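At position 20 of the sequence shown (counting the first as 1) the number is 9 in the numbering used here, and the numbers step up by one without a gap.
These notes concern the structure reproduced below.
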Amino acid sequence: MKFTLKTKDLITAGVFAALYFVVVALVTFACMILLPGLGNLIIPTVVALIVGPIFYLLINRVPKFGAVTILSSVMGIFFMFSGHFPLSFIPNFVFGILADILLSSGKRTANRELAAFTVFNYGLIGPLVTLWFMKAKYVQSLVDRGKGADYINGLLKYVNWNIFIILMISILIASIIGGLYGKKMMAKHFSHARTIN
-10 MKFTLKTKDL
0 ITAGVFAALY
10 FVVVALVTFA
20 CMILLPGLGN
30 LIIPTVVALI
40 VGPIFYLLIN
50 RVPKFGAVTI
60 LSSVMGIFFM
70 FSGHFPLSFI
80 PNFVFGILAD
90 ILLSSGKRTA
100 NRELAAFTVF
110 NYGLIGPLVT
120 LWFMKAKYVQ
130 SLVDRGKGAD
140 YINGLLKYVN
150 WNIFIILMIS
160 ILIASIIGGL
170 YGKKMMAKHF
180 SHARTIN
């Protein structure tokens, strides 16, 4: 894997990052409308099921270190500047870099790509981690953002360690399913492109 991102690579990664952001935003809106409280907690799982094609197309169009970090960082930057609890954005950067390291540390295989996709998806757990490990401060951040008591209470009733473990496992399972789907869609895309050419 190459390590130098050129201007064209940055533009391509930026386009995919924008698309990823839109998907996450739509999933967030749908989850919070359809499942108030619980919906906020399952966002990373639902996103993992959907964004496989985006991830796999990106790592094949820009097979260089840093592309996945850019993709993941877009949500971290959003969390940073949208009033979320300060530590919410850190996992996006950390897991994005770890996914890039996985992809660049050895021969590209289907299993390595799937592992990188799985690691990448844990980038969205920032709000969940702070909710479980720094509950009081996170709740205060919700109050500061204008969230009402009903919203906060609806969210807190799911905050226990059994739910946390279930959520972490669900992200893993969703990543495997979403990754296999993404790989299949990518192969179909390139097969179609070769047919046209």
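Each residue gets a CB set at the ideal place from its N, CA and C atoms; glycine is no exception.
Note that the coordinates shown come from a computational prediction; the quantities given were computed from them, not determined experimentally.
My assumption, with CB atoms under 8 angstroms, is that residue i sits in contact with residue j. Please give the rounded CB distance.
{"i": "Ala138", "j": "Leu60", "result": "That belief does not hold up - the Cβ atoms of Ala138 and Leu60 are roughly 36 angstroms apart, past 8 angstroms."}
{"i": "Met175", "j": "Asn49", "result": "6 angstroms"}
{"i": "Phe10", "j": "Phe84", "result": "That pair is no contact at about 16 angstroms."}
{"i": "Leu103", "j": "Gly168", "result": "4 angstroms"}
{"i": "Thr58", "j": "Ile86", "result": "5 angstroms"}
{"i": "Leu30", "j": "Leu156", "result": "6 angstroms"}
{"i": "Val51", "j": "Ala2", "result": "5 angstroms"}
{"i": "Ala88", "j": "Phe109", "result": "4 angstroms"}
{"i": "Leu47", "j": "Ala163", "result": "So it is not a contact: roughly 19 angstroms between Cβ atoms."}
{"i": "Tyr45", "j": "Lys177", "result": "About 11 angstroms; that fails the 8 angstroms criterion."}
Quick check: residue i and residue j, are their CB atoms within less than 7 angstroms of each other?
{"i": "Ser77", "j": "Thr119", "result": "yes"}
{"i": "Gly143", "j": "Pro25", "result": "yes"}
{"i": "Gly65", "j": "Leu(-6)", "result": "no"}
{"i": "Ile32", "j": "Val16", "result": "yes"}
{"i": "Phe70", "j": "Trp121", "result": "no"}
Mind checking which residues open and close the alpha helix (DSSP H) that includes residue i?
{"i": "Thr17", "result": "-4 to 23"}
{"i": "Val57", "result": "56 to 70"}
{"i": "Ile32", "result": "32 to 39"}
{"i": "Thr(-7)", "result": "Taken as a continuous stretch (DSSP letters only), Thr(-7) belongs to no alpha helix (DSSP H), as it is neither H nor E."}
{"i": "Val118", "result": "115 to 122"}
Look up residue i in the DSSP assignment and say whether it is helix, strand or coil.
{"i": "Lys96", "result": "coil"}
{"i": "Lys53", "result": "strand"}
{"i": "Lys136", "result": "coil"}
{"i": "Gly28", "result": "helix"}
{"i": "Asn149", "result": "coil"}
Checklist line | Validate contact between the stretch 126 to 135 and the stretch 90 to 98 using beta carbons, cut 8 angstroms, 3 pairs | finding: No: fewer than three Cβ pairs fall under 8 angstroms.
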